[in-house]
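First the structure, in the form of structure tokens, and then the observations on it.
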Amino acid sequence: MTGTRLVIDSSKLQSAELREFLSASTANLAVLPDFAWFEVYKQETVDAVLALLSVIGDFPEQITVLKSGEVIARLNLGLPSGVAAMERQDVAPLIREMIHVISGPRREDPIVLQQLKDLWSSAAVSLVGMHEGAIDIVTSLPEMSEQVFSQHEIRIIRTNGRYTEEMFASIFGAAEQIWETLAEGYGLQWRSMLRDHTMSAYLFRYALGIVIYLLWWIGSGSPKLERVDRIRNDLIDLNFAVYATYYDGFLTADRKAKWMFLNLSRALEAAGTSGRG
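The working numbering numbers the first residue of the sequence shown as 2 and each following residue consecutively.
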């Protein structure tokens, strides 16, 4: 039996929509990016942890958690086993054990909560390191928009007009430049990669996602980029959107994240890839 695999945003972890999706078929899978899973550890009380597990805790066998972005960035996702290599294999027993511990007599043990806090702290540090280079790229959006698009093309984007062939070429050209920069930073042998493998690479799709984010920024009137914390949150949402292109869809309450996923998926389809593993 073939089910549907949806990437789940943190905002939907406790939703009735997620419960309905998992209840509809035992073949349906909820795919949690590492950061969504780490949101469980972020909670400051045991009751809050239990609340965040209220849905996924009832369906442990239908939950998939992705490996860290640092690991996924180095995988060859163009191989037949590529998407499976993104996924952790120890999630169901981990969820059951967590619920057992925090539902039992140890729930008030300060050591338990401290362990959760330590897990969250290490996850947050890893995520910050991963996004440092991308934040530098995003903060240069004003310069990038002038380099990539003419004033006429910027007006087309802001008025939701029809993109020209030249604009699509510029979008992919910019994505390739960002991809090369990111790939160099990760030590990937990007020059020797087959085209299909490049299109499947996480960092290429992430680079294309940054250009999609540029389109959103231009379409929003090119607001000032002053808050790094807001940019970082947008990049987390972009991560989720990129992961969703390897699966069957994206369950999120965030309109911008949904917009990035839809437009990233369309761009990948336009480039001749189905976008799914």
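Glycine included, C-beta positions come from ideal geometry on N, C-alpha and C. The model shown is predicted, which means the values in this text are computed figures rather than measured ones.
If the criterion is Cβ atoms closer than 8 Å, does the pair residue i and residue j meet it?
{"i": "I103", "j": "P61", "result": "no"}
{"i": "I9", "j": "G58", "result": "no"}
{"i": "G4", "j": "S26", "result": "yes"}
{"i": "L67", "j": "V32", "result": "yes"}
{"i": "M145", "j": "A175", "result": "yes"}
{"i": "Q15", "j": "V56", "result": "yes"}
Taking its Cβ as the centre, do 16 or more other Cβ atoms sit within 10 Å of residue i, making it buried, or is it exposed?
{"i": "D255", "result": "buried"}
{"i": "D283", "result": "The question about residue 283 has no answer, for the chain in this structure spans 2 to 278."}
{"i": "L195", "result": "exposed"}
{"i": "Q63", "result": "buried"}
{"i": "T165", "result": "exposed"}
{"i": "R156", "result": "exposed"}
{"i": "S193", "result": "exposed"}
{"i": "S201", "result": "buried"}
{"i": "Y187", "result": "exposed"}
{"i": "F241", "result": "buried"}
Give me the Cα-Cα distance between residue i and residue j, rounded to the nearest whole angstrom.
{"i": "L265", "j": "F39", "result": "25 Å"}
{"i": "W218", "j": "T253", "result": "20 Å"}
{"i": "I136", "j": "G105", "result": "42 Å"}
{"i": "E154", "j": "P81", "result": "39 Å"}
{"i": "L19", "j": "N29", "result": "10 Å"}
{"i": "S151", "j": "A268", "result": "20 Å"}
{"i": "V72", "j": "L204", "result": "11 Å"}
{"i": "V243", "j": "T199", "result": "14 Å"}
{"i": "Q90", "j": "R231", "result": "32 Å"}
{"i": "E88", "j": "R6", "result": "12 Å"}
{"i": "D35", "j": "P111", "result": "25 Å"}
{"i": "A85", "j": "Y247", "result": "10 Å"}
{"i": "S11", "j": "D238", "result": "10 Å"}
{"i": "R277", "j": "D197", "result": "With a pLDDT of 48 at R277, under the threshold of 50, the modelled position of that residue is not reliable, and no figure is offered here."}
{"i": "L263", "j": "L215", "result": "15 Å"}
{"i": "W260", "j": "G83", "result": "26 Å"}
{"i": "T140", "j": "E21", "result": "39 Å"}
{"i": "L209", "j": "F173", "result": "7 Å"}
{"i": "A17", "j": "R233", "result": "28 Å"}
{"i": "S356", "j": "G70", "result": "Nothing can be reported for residue 356: it is not among the residues displayed for the chain, which extend from 2 to 278."}
{"i": "K257", "j": "I213", "result": "11 Å"}
{"i": "A271", "j": "A170", "result": "11 Å"}
{"i": "Y207", "j": "P94", "result": "31 Å"}
{"i": "P143", "j": "A245", "result": "28 Å"}
{"i": "D119", "j": "K13", "result": "24 Å"}
{"i": "F122", "j": "Q116", "result": "Checking the displayed sequence, the identity of residue 122 turns out to be Ser instead of Phe. Rounded to the nearest angstrom, the two C-alpha atoms are 10 Å apart."}
{"i": "V92", "j": "G250", "result": "21 Å"}
{"i": "E167", "j": "V149", "result": "10 Å"}
{"i": "S223", "j": "E147", "result": "11 Å"}
{"i": "W191", "j": "A37", "result": "29 Å"}
{"i": "I138", "j": "L189", "result": "19 Å"}
{"i": "G273", "j": "T65", "result": "28 Å"}
Checking the sheet assignment: what are the DSSP bridge partners for residue i?
{"i": "A31", "result": "L7 and I64"}
{"i": "L252", "result": "I9"}
{"i": "E166", "result": "DSSP lists no partner for E166."}
{"i": "E88", "result": "L67"}
Is residue i near the ligand PLP, going by C-beta to nearest heavy atom under 7 Å?
{"i": "V113", "result": "In terms of ligand content, the structure shown is empty, and the ligand PLP therefore cannot be addressed."}
Does the pairing of the region 32-45 with the region 143-161 give three or more beta-carbon distances under 8 Å?
no
Would you call the region 221-228 and the region 161-180 touching, i.e. three or more CB-CB distances under 8 Å?
no
When the Cβ atoms of the region 74-90 are set against those of the region 48-57, are three or more pairs found closer than 8 Å?
no
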